[in-house]
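Colleague: Residue numbers (this note's numbering): 547 to 759. Idealized CB from N, CA, C, for every residue including glycine. Have a look at this one.
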Amino acid sequence: MVADRLPTPPRERKPALAALAVLLILVGALGAATLVLRAGDRIEVIKITERVPAGQPIPDSAMAPVLVAEDEAVSYVRWGQRGALAEDYRPAVDLVAGTLLVGEMLTTDETLGSDEVIVGVSLRAGQFPSGLKAGDSVAAYWVGDERTAEEGSARETVIAERVKVENIFGESDVAGRNNLAVTLRVSRAEAPDLARAASGGDVSLVIVSSGTS
Numbered sequence: 547m548v549a550d551r552l553p554t555p556p557r558e559r560k561p562a563l564a565a566l567a568v569l570l571i572l573v574g575a576l577g578a579a580t581l582v583l584r585a586g587d588r589i590e591v592i593k594i595t596e597r598v599p600a601g602q603p604i605p606d607s608a609m610a611p612v613l614v615a616e617d618e619a620v621s622y623v624r625w626g627q628r629g630a631l632a633e634d635y636r637p638a639v640d641l642v643a644g645t646l647l648v649g650e651m652l653t654t655d656e657t658l659g660s661d662e663v664i665v666g667v668s669l670r671a672g673q674f675p676s677g678l679k680a681g682d683s684v685a686a687y688w689v690g691d692e693r694t695a696e697e698g699s700a701r702e703t704v705i706a707e708r709v710k711v712e713n714i715f716g717e718s719d720v721a722g723r724n725n726l727a728v729t730l731r732v733s734r735a736e737a738p739d740l741a742r743a744a745s746g747g748d749v750s751l752v753i754v755s756s757g758t759s
């Protein structure tokens, strides 16, 4: 008896389509991984792993890489820049473990002397001369309001007669109308009064001759 149906031919294999499907899956997975890694434009920066005193070289043992989201407002020191640190830069402040290193923490000047410290001051318009720049020698004045009834008001007092401007953060226009953050290299004896005045925003800087008076 003849069968009612003809035998079904074997299904043809299509290895090219199977390979294409696998390739599409891999491309999709790679794209997803790339999106995750690039979320926020992550960059590899330097994290401090042990304390480094101000003015001392930053050893390799005190640095580790860490990924962070890139932020144009933050001047992170990238992991690829670590080679120049020990030779060209010193920390302007004490670095503690866990700190993410940013440019404002560094100085290109020589190691701090045993009697020197770095003090930061925030200056409003009118508290600094136009054209102030890193490397200038300045005198720091206390320009706060009345200290006591006996001393009178708006009394100007010299806090430091000659100190060096280490770094300036921010930009001032020609007339000096913008606010600035400035770090000053001062002696340890001058630092307490300067820091107290700076905490109240009562410091004014005047450029003085770089020579010895």
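Which value, in whole angstroms, describes the spacing of the CA atoms of D748 and V612?
Modeller: As a first step, residue 748 must be located in the sequence shown, where it is residue number 202. As a first step, residue 612 must be located in the sequence shown, where it is residue number 66. For D748 and V612, the distance between alpha carbons rounds to 38 Å.
Colleague: Could you check what DSSP says for L646 in three-state terms: helix, strand or coil?
Modeller: Here the question's residue 646 lines up with position 100 in the sequence shown. Residue state, collapsed to three classes: strand.
Colleague: Could you tell me the distance, in whole angstroms, from the CA atom of A643 to the CA atom of S750?
Modeller: To locate residue 643, count along the sequence shown from 1; it is residue 97. To locate residue 750, count along the sequence shown from 1; it is residue 204. Using only the alpha carbons, I get a separation of about 34 Å.
Colleague: With a CB to CB cut of under 7 Å and the five nearest residues on each side skipped, what residues in its chain are close to A638?
Modeller: By one-based count along the sequence shown, residue 638 stands at place 92. A600, M651, L652, T653, I664, E712, N713 and T729, listed in sequence order.
Colleague: Going by other Cβ atoms of all chains shown within 10 Å of its Cβ, with 16 needed for buried, is A743 buried or exposed?
Modeller: Residue mapping note: residue 743 aligns to position 197 of the sequence shown, counting from 1. With 16 or more other Cβ atoms within 10 Å, it is buried.
Colleague: Tell me, which residues are paired with Y622 by DSSP?
Modeller: For the purposes of this step, residue 622 is taken as residue 76 along the sequence shown, with counting starting at 1. DSSP lists V648 as partners of Y622.
Colleague: Could you spell out where the beta strand (DSSP E) holding L669 opens and where it closes?
Modeller: Translated into the one-based positions of the sequence shown, residue 669 becomes position 123. E662 to L669 is the extent of the beta strand (DSSP E) around L669.
Colleague: Who are the near neighbours of E616 in its chain, counting only those whose CB is closer than 6 Å to its CB and skipping five residues on each side?
Modeller: Position 70 of the sequence shown holds residue 616. Around E616: D587 and I589.
Colleague: Starting from E633 and walking both ways along the alpha helix (DSSP H), at which residues does that stretch end?
Modeller: The sequence position of residue 633 within the sequence shown is 87, counting from 1. Note, E633: alpha helix (DSSP H), L631 to D634.
Colleague: Kindly identify the DSSP beta-bridge partner or partners of A741.
Modeller: If you number the sequence shown from 1, residue 741 lands on position 195. Beta-bridge pairing links A741 to no other residue.
Colleague: Out of curiosity, what's the CA-to-CA distance linking V623 and A610?
Modeller: Stepping through the sequence shown from its first residue, residue 623 is reached at position 77. Stepping through the sequence shown from its first residue, residue 610 is reached at position 64. Computed Cα separation, rounded: 12 Å.
Colleague: In the DSSP assignment, what residue or residues form a beta bridge with A610?
Modeller: Within the sequence shown, the letter at position 64 stands for residue 610. According to DSSP, A610 bridges with K593.
Colleague: Rounded to the nearest angstrom, what separates A619 and A632 at their Cα positions?
Modeller: As a working note, residue 619 is residue 73 in the sequence shown. As a working note, residue 632 is residue 86 in the sequence shown. Cα to Cα, A619 sits roughly 25 Å from A632.
Colleague: Compute the Euclidean distance between the alpha carbons of P603 and I592, then round it to the nearest angstrom.
Modeller: The count along the sequence shown starts at 1 and reaches residue 603 at position 57. The count along the sequence shown starts at 1 and reaches residue 592 at position 46. Taking the straight line joining both Cα atoms gives about 15 Å.
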